[in-house]
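Peer 1: Numbering (full-length UniProt numbering), first residue to last: 1 to 82.
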């Protein structure tokens, strides 16, 4: 999973946070993209923003993954040892 693909190409702000029991990935697509959608399919997070589609492959050690997008901010919560 690379955050650089978001910050380099599109200028979004992307961060990864590490906690004791999980990791959190947050990507801000901007309030203009509040209608973006996210789905999780076979270990791949798929984000659709207007006519663009982004895919994030989750690492092999990721357990349960929870994804949601609100006000243009994508959040991916990963449990397990990464």
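C-beta: ideal position from N, C-alpha, C; glycine also.
(1) Could you have a look at residue 39 and say whether DSSP puts it in helix, strand or coil?
(2) Going by Cα to Cα distance, which pick from 66, 52, 51 is closest to residue 58?
(3) Looking only at its chain, what residues have a beta carbon closer than 6 angstroms to the beta carbon of residue 69, apart from the 5 residues adjacent to it on each side?
(4) Nearest CA to the CA of residue 23: which residue from 64, 71, 72, 47?
(5) Give me the Cα-Cα distance between residue 48 and residue 76, rounded to the nearest whole angstrom.
(6) From what residue to what residue does the beta strand (DSSP E) around residue 28 run?
(7) For my contact list, residue 33 and residue 50 are in at a C-beta cut-off of 8 angstroms; report their separation, rounded to the angstrom.
Peer 2: On the basis of the supplied data:
(1) For residue 39, the three-state secondary structure derived from DSSP is strand.
(2) If we check each option's Cα against that of residue 58, 66 comes out closest.
(3) 36, 38
(4) It is 64 whose Cα lies nearest to the Cα of residue 23.
(5) 15 angstroms
(6) 22-28
(7) By a beta-carbon distance limit of 8 angstroms, residue 33 contacts residue 50. Their separation comes to about 7 angstroms.
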